[in-house]
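As numbered in the working numbering, residues 1 to 136 make up the sequence shown, in order. All C-beta atoms in this analysis are idealised placements derived from N, C-alpha and C, irrespective of residue type, glycine included. None of the values given here were measured: they were computed from a predicted structure.
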Amino acid sequence: MLKNKKSKNGSSTIKTNQIKIFLGLISYFIILIGVFIILLWLFSDIWLVWLVILMGIIVFSIILLVNWHRQNFTYKCEFCEYEFRISFLLDLLSPHGPNRKGGWKYLKCPKCNKRSKVAVIKNSTNISRIDHNLTG
Ligand SMILES: [Zn+2]
């Protein structure tokens, strides 16, 4: 891990934003499930229709979210500091989690081919056109 004190402000902004996004998503899904329960209670004879609609909305939301995440965040290799983007499927399926710097994702660096928990960083304009189509 790199001990970089310079990016402290930027990292804390990302962390705050991630908490806001996370809380927003939680409330979104709570509202969605609340509406579903009300509909289920009012029109309980067609519960399967509501269930299918709910599943559809959740799947659609996840697809939108992953696509948004893919477009707005890049990843930085901790070995060579190379910044890269990943494909939709890889973004959806690769293991990830939070840390003190904001977040990590377990990926293979396209430059040095080392697997590591790469740092999740906010997309900057100068690398927004780079799009590596990695398969894992
Ligand atoms: Zn690397």
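Exercise for the section: Let me know the secondary structure DSSP gives glycine 97 once reduced to three states. Expected result: strand
Practice task
Give, in chain order, every unbroken run of the alpha helix (DSSP H) that is at least 4 residues long and sits entirely within the stretch 10–76.
Solution key: 47–72
Handout entry: With 16 other Cβ atoms within 10 Å as the buried cut-off, status of isoleucine 30
Key = exposed
Handout entry: isoleucine 121, enclosing beta strand (DSSP E) - first and last residue
Key = 115–122
Problem - Check: tyrosine 106 C-beta below 7 Å from any heavy atom of ligand 1 - result: no
Exercise for the section: Kindly examine ligand 1 and report whether one of its heavy atoms sits closer than 7 Å to the Cβ of phenylalanine 79. Expected result: yes
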